[in-house]
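**Student:** Residue numbers (the working numbering): 238 to 452.
The structure follows.
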Ligand code: B12
């Protein structure tokens with residue numbers, strides 16, 4: 238049986254090629270995809286987050302790790318669906334209108350995927366109406382908003398107002414984050430939660446909408 242510690246190490250080291258190869262080999266040998274995600278891949282991303290927080294890792298390492306995680310997840314995701322595992326929730330995530338920073342948002346999206354959520358990634362510079370459409374047409378039950386600029390933070394409020402005007406605010410939870418965002422701001426604009434990191438995003442998302450299928 239493949240040594241899944243190698244999968245953990247490959248993600249931690251941002252080695253997408255090895256992560257994909259080990260994932261392929263392990264799946265071929267009948268490894269449990271849920272266990273691979275919850276025991277090796279998510280903990281590897283947790284460790285990446287910790288190393289980033291203590292300035293041992295920087296943005297390039299984060300991006301490489303996220304890419305390795307995504308490579309493995311691309312192989313695992315169809316199997317999770319096949320075995321009928323219900324997603325922990327359906328998330329529409331995006332960086333708000335006017336803001337092009339998407340590194341943190343991508344990391345949050347990858348972590349949520351690794352945590353068993355179905356993720357609809359709307360990209361960066363996303364106008365409020367696109368979030369509304371994701372809720373109405375795709376049935377998202379959690380909306381995650383990211384902003385890195387103080388001048389784009391008000392677009393979070395506008396997005397929440399748009400959800401309200403469209404009559405869908407009550408059927409979704411709204412989680413916000415990004416370097417300049419705070420819990421106070423979340424309370425002020427009527428968001429349901431604020432997360433300061435990609436790892437906290439997963440536990441908060443679980444608290445807000447789901448039980449979690451991957452742990
Ligand atoms: C990389 C970068 C860029 C890149 C972005 C590339 C990309 N594809 O993302 C480029 C070069 C394009 C860029 C452009 C600009 N940038 Co810039 N940029 C940065 C920089 C250096 C790093 C941001 C980053 O990726 N951090 C790493 C990620 C992992 O962290 P994060 O995004 O904070 O995300 C984490 C958490 O916040 C959280 N999180 C994030 N989103 C969410 C969402 C949810 C729901 C949750 C729960 C959690 C969560 O989880 C993430 C992972 O733990 C920051 C400085 C900094 N240290 O933040 C400046 C910074 C954000 N930029 C800044 C500025 C001013 C600009 C420009 C206006 C510069 C200019 N004059 O053109 C433009 C704006 C363009 C635009 N319209 O958006 C300022 C903002 C100042 C302010 N207070 O508003 C900063 C702070 C730099 C500075 N010190 O002045 N930038």
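Even glycine gets a Cβ: it sits at the ideal position worked out from N, Cα and C.
Quick one: grab the DSSP three-state call for residue 430.
**Tutor:** Looking at residue 430 - three-state DSSP - the assignment turns out to be strand.
**Student:** Which runs of the alpha helix (DSSP H) spanning at least 4 residues fall entirely within the region 330-412, listed in chain order?
**Tutor:** Counting only runs of 4 or more, we get 340-351, 365-375 and 391-402.
**Student:** Among 374, 422, 314 and 376, which one has its Cα closest to the Cα of residue 393?
**Tutor:** That would be 422, whose Cα lies nearest to the Cα of residue 393.
**Student:** So residue 337 packs on residue 381, CB below 8 angstroms; how close in whole Å?
**Tutor:** Actually they are not in contact, since the Cβ atoms of residue 337 and residue 381 sit about 17 angstroms apart, beyond 8 angstroms.
**Student:** Going by Cα to Cα distance, which pick from 270, 277, 417 and 354 is closest to residue 444?
**Tutor:** With distances taken between Cα atoms, residue 444 lies closest to 354.
**Student:** Since residue 241 and residue 268 are thought to touch, with beta carbons under 8 angstroms apart, how far apart are those beta carbons, to the nearest angstrom?
**Tutor:** The pair is a contact, with the Cβ atoms about 7 angstroms apart (cut-off 8 angstroms).
**Student:** How many angstroms separate the CA atom of residue 251 from the CA atom of residue 296?
**Tutor:** Going from the Cα of residue 251 to the Cα of residue 296 covers about 12 angstroms.
**Student:** Just mark residue 451 as buried or exposed, buried being the case when its beta carbon has 16 or more other beta carbons within 10 Å.
**Tutor:** Residue placement at residue 451 is flagged as unreliable, the pLDDT there being 35, under the threshold of 50; a coordinate-derived value is accordingly withheld.
**Student:** Bridge partners of residue 414, per DSSP?
**Tutor:** Note: residue 414 sits in a beta bridge opposite 383 and 432.
**Student:** Using the Cβ count rule (16 or more neighbours within 10 Å means buried), how would you classify residue 244?
**Tutor:** Residue 244 should be labelled buried.
**Student:** Within a Cβ cutoff of 7 angstroms, which residues of the same chain sit near residue 301, ignoring the five residues on either side of it in sequence?
**Tutor:** So the qualifying residues of the chain are 251.
**Student:** Could you name the residues of the same chain whose beta carbon sits closer than 6 angstroms to that of residue 437, not counting the 5 residues immediately before and after it, in chain order?
**Tutor:** Result list for residue 437: empty, nothing under 6 angstroms.
**Student:** Rounding to the nearest angstrom, what Cα-Cα distance links residue 467 and residue 246 in this structure?
**Tutor:** The requested residue 467 is not part of the displayed model; the chain covers only 238 to 452.
**Student:** Return the chain-ordered ranges of every alpha helix (DSSP H) run that is complete within the region 275-299 and spans a minimum of 4 residues.
**Tutor:** Within the region 275-299, the complete alpha helix (DSSP H) runs of at least 4 residues are 279-290.
**Student:** Please report how far the alpha carbon of residue 362 lies from the alpha carbon of residue 266, in whole angstroms.
**Tutor:** So the two alpha carbons sit approximately 42 angstroms from each other.
**Student:** Let me check understanding here. Comparing Cα to Cα, which of 249, 315 and 263 lies closest to residue 304?
**Tutor:** Residue 304 has its Cα closest to that of 249, out of 249, 315 and 263.
**Student:** Can you name the start and end residues of the alpha helix (DSSP H) that residue 326 belongs to?
**Tutor:** Premise fails: residue 326 is in no alpha helix (DSSP H) and is neither H nor E.
**Student:** Can you tell me whether DSSP reads residue 268 as helix, strand or coil?
**Tutor:** Coil.
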